[in-house]
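Note sheet for the following structure.
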Amino acid sequence: SEVSPSPQGTRIAYTVDSSGYETYEIRILDAINNEIIETIENVAGSITWGKNENILYYTRHDKAHRPYQVFKHEIASGKSDTLIFQDDDNLFNVEVWRDL
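As C-alpha coordinates, then:
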(Lines of atoms letter the chains of each structure in order from A and count residues from 1; the text may use other names and numbers.)
(Lines give C-alpha, C1' and ligand atoms only; values in the text may rest on other atoms or scores of the structure.)
Protein backbone atom coordinates (compact mmCIF):
# COMPACT_ATOMS: atom_id res chain seq x y z
CA SER A 1 0.00 0.00 0.00
CA GLU A 2 1.05 3.56 -0.62
CA VAL A 3 -0.02 6.84 1.01
CA SER A 4 0.57 10.24 -0.61
CA PRO A 5 -0.60 13.62 0.74
CA SER A 6 -1.33 16.28 -1.90
CA PRO A 7 1.12 19.20 -2.29
CA GLN A 8 -1.31 21.52 -0.45
CA GLY A 9 -2.04 18.92 2.22
CA THR A 10 -5.83 18.98 1.86
CA ARG A 11 -6.15 15.61 0.08
CA ILE A 12 -4.61 12.21 0.66
CA ALA A 13 -4.37 9.50 -1.99
CA TYR A 14 -3.80 5.96 -0.77
CA THR A 15 -3.95 2.45 -2.22
CA VAL A 16 -5.83 -0.53 -0.85
CA ASP A 17 -5.27 -4.17 -1.88
CA SER A 18 -8.31 -6.13 -0.76
CA SER A 19 -7.52 -9.22 -2.87
CA GLY A 20 -3.91 -9.88 -1.82
CA TYR A 21 -2.90 -9.99 -5.50
CA GLU A 22 -1.33 -6.51 -5.53
CA THR A 23 -4.18 -5.11 -7.62
CA TYR A 24 -5.10 -1.91 -5.86
CA GLU A 25 -7.88 0.60 -5.55
CA ILE A 26 -6.84 4.25 -5.16
CA ARG A 27 -8.93 6.20 -2.69
CA ILE A 28 -8.72 9.99 -2.62
CA LEU A 29 -9.61 11.45 0.75
CA ASP A 30 -10.62 15.04 1.42
CA ALA A 31 -8.51 15.51 4.55
CA ILE A 32 -10.52 18.50 5.73
CA ASN A 33 -13.94 16.79 5.64
CA ASN A 34 -12.60 13.24 6.13
CA GLU A 35 -14.57 11.97 3.10
CA ILE A 36 -13.55 9.77 0.18
CA ILE A 37 -14.14 11.95 -2.89
CA GLU A 38 -13.03 9.52 -5.62
CA THR A 39 -11.80 5.98 -6.21
CA ILE A 40 -9.86 4.44 -9.10
CA GLU A 41 -9.97 0.66 -9.43
CA ASN A 42 -7.60 -1.99 -10.81
CA VAL A 43 -4.34 -0.09 -10.54
CA ALA A 44 -0.76 -1.28 -9.97
CA GLY A 45 -0.25 0.72 -6.77
CA SER A 46 2.32 3.39 -7.68
CA ILE A 47 0.85 6.90 -7.21
CA THR A 48 2.05 10.49 -7.07
CA TRP A 49 0.51 13.96 -7.22
CA GLY A 50 1.05 16.51 -9.96
CA LYS A 51 1.93 20.11 -9.14
CA ASN A 52 -1.46 20.63 -7.49
CA GLU A 53 -4.12 18.57 -5.76
CA ASN A 54 -6.25 18.15 -8.87
CA ILE A 55 -3.84 15.88 -10.78
CA LEU A 56 -2.85 12.36 -9.72
CA TYR A 57 -0.60 9.96 -11.65
CA TYR A 58 -0.82 6.19 -11.25
CA THR A 59 0.25 2.92 -12.89
CA ARG A 60 -1.65 -0.03 -14.37
CA HIS A 61 -0.70 -3.69 -14.96
CA ASP A 62 -0.41 -5.60 -18.22
CA LYS A 63 -1.79 -9.15 -18.67
CA ALA A 64 1.33 -10.58 -16.97
CA HIS A 65 0.61 -8.35 -13.93
CA ARG A 66 3.62 -6.10 -14.64
CA PRO A 67 3.24 -2.35 -14.03
CA TYR A 68 3.70 -0.89 -17.53
CA GLN A 69 1.47 2.17 -18.01
CA VAL A 70 1.26 5.61 -16.39
CA PHE A 71 -2.08 7.44 -16.38
CA LYS A 72 -3.00 11.01 -15.50
CA HIS A 73 -6.22 11.43 -13.49
CA GLU A 74 -7.87 14.85 -13.17
CA ILE A 75 -9.89 14.83 -9.96
CA ALA A 76 -13.56 15.86 -10.25
CA SER A 77 -13.18 16.71 -13.95
CA GLY A 78 -15.39 13.97 -15.38
CA LYS A 79 -12.71 13.36 -18.04
CA SER A 80 -11.37 9.93 -18.90
CA ASP A 81 -7.91 9.25 -17.52
CA THR A 82 -5.10 9.92 -20.01
CA LEU A 83 -2.39 7.38 -20.83
CA ILE A 84 0.88 9.34 -20.75
CA PHE A 85 3.49 6.55 -20.86
CA GLN A 86 3.67 2.86 -21.75
CA ASP A 87 6.69 0.53 -21.60
CA ASP A 88 6.17 -2.65 -23.63
CA ASP A 89 9.56 -4.16 -22.69
CA ASN A 90 8.67 -6.97 -20.28
CA LEU A 91 12.11 -6.74 -18.63
CA PHE A 92 11.08 -3.53 -16.86
CA ASN A 93 8.42 -2.34 -14.41
CA VAL A 94 7.07 1.22 -14.40
CA GLU A 95 6.66 3.36 -11.28
CA VAL A 96 5.80 7.01 -10.73
CA TRP A 97 7.11 9.49 -8.18
CA ARG A 98 7.50 13.21 -7.81
CA ASP A 99 10.93 14.78 -7.65
CA LEU A 100 10.99 17.90 -5.53
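Number 100 marks the last residue of the sequence shown (the numbering used here); no jumps.
Quick reminder that beta carbons are idealized off the backbone N, C-alpha and C, glycines included.
These numbers were taken from a predicted model, which means no experiment stands behind them.
DSSP places asparagine 34 in no beta strand (DSSP E); its state is neither H nor E. Residue range 11-16 is occupied by the beta strand (DSSP E) that includes alanine 13. Per DSSP, isoleucine 47 is one residue of the beta strand (DSSP E) stretching across 47-49. Around the beta carbon of glycine 20, fewer than 16 other beta carbons lie within 10 angstroms, which makes this residue exposed. Under the DSSP definition of a beta bridge, isoleucine 55 partners with Glu74. With contacts defined as CB atoms closer than 9 Å, valine 43 and tyrosine 68 fail to qualify as a contacting pair. Buried is the label assigned to tryptophan 49, since at least 16 other Cβ atoms lie within 10 Å of its Cβ. For glutamine 86, the enclosing beta strand (DSSP E) stretches over residues 82-86.
Per DSSP, reduced to three states, the secondary structure at arginine 27 is strand.
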